[in-house]
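Residue numbers for the sequence shown follow the numbering used here, so the first one is 35 and each next one is one higher.
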Amino acid sequence: MILGGTLAEEASFSTEAKAGFILFPLLVHSLDLFASTIGVFFVSTTKGLPSAKHHNHLEDPIYVMKRAYLVSIVIAIFGLYFITKNFLWVANNENGYLCFFGC
């Protein structure tokens, strides 16, 4: 937040742009918490006990984790694009937010 504020001040951005650069780190970490929380809800295996006669096949635990990871990644990518477009947009360089998104 301090680096964003200093960068915006040195570049002589408008007040709205300064606020976006200051709030960007806070929003990114909020997005991290949100994406991780949603990903946790996707960690589940097939129902049934392995010792029962009629049970489903056992899922490999790595596939369960990959499914949750994929959901978290998709949420994070779309969320980061939205945050960079709305908070790091500068009138002098209208596509500059794409550089931040690419980093």
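Just so it is clear, CB atoms sit at the ideal spot from N, CA and C, and this is done for glycine as well.
In this text the structure is predicted, and so the values were computed from the model without any measurement.
Quiz item: Using DSSP with H/G/I as helix, E/B as strand and the rest coil, what is residue 120?
Solution: Looking at residue 120 - three-state DSSP - the assignment turns out to be helix.
Quiz prompt | Paired residues, beta bridge with residue 127 - DSSP | solution = Looking at the DSSP assignment, residue 127 forms a beta bridge with 124.
Quiz prompt | Euclidean distance between Cα positions of residue 40 and residue 97 | solution = A direct Cα-to-Cα measurement between residue 40 and residue 97 gives close to 44 Å.
Quiz item: Would a C-beta distance cut-off of 9 Å place residue 120 and residue 54 closer than the cut-off?
Solution: Yes, these two residues count as a Cβ contact at 9 Å.
Self-check item: residue 66 - containing alpha helix (DSSP H), residue span
Solution: Its alpha helix (DSSP H) spans residues 49-74.
Quiz item: Which same chain residues, not among the five before or five after residue 76, have their C-beta less than 6 Å away from its C-beta?
Solution: In the same chain as residue 76, and ignoring 5 residues on each side of it, the C-beta atoms closer than 6 Å to its own belong to 101, 102 and 105, in chain order.
Practice problem: Can you tell me the Cβ-Cβ gap for residue 117 and residue 58, rounded? I've got them flagged as a contact below 8 Å. | Solution: The C-beta distance from residue 117 to residue 58 rounds to 7 Å, short enough to meet the 8 Å contact threshold.
Self-check item: Outcome for residue 125 when other beta-carbon atoms lying within 10 angstroms are tallied against a minimum of 16
Solution: So residue 125 ends up on the exposed side.
Self-check item: For residue 43, the three-state DSSP class (helix, strand or coil)
Solution: Of the three classes helix, strand and coil, the one that applies to residue 43 here is helix, per DSSP.
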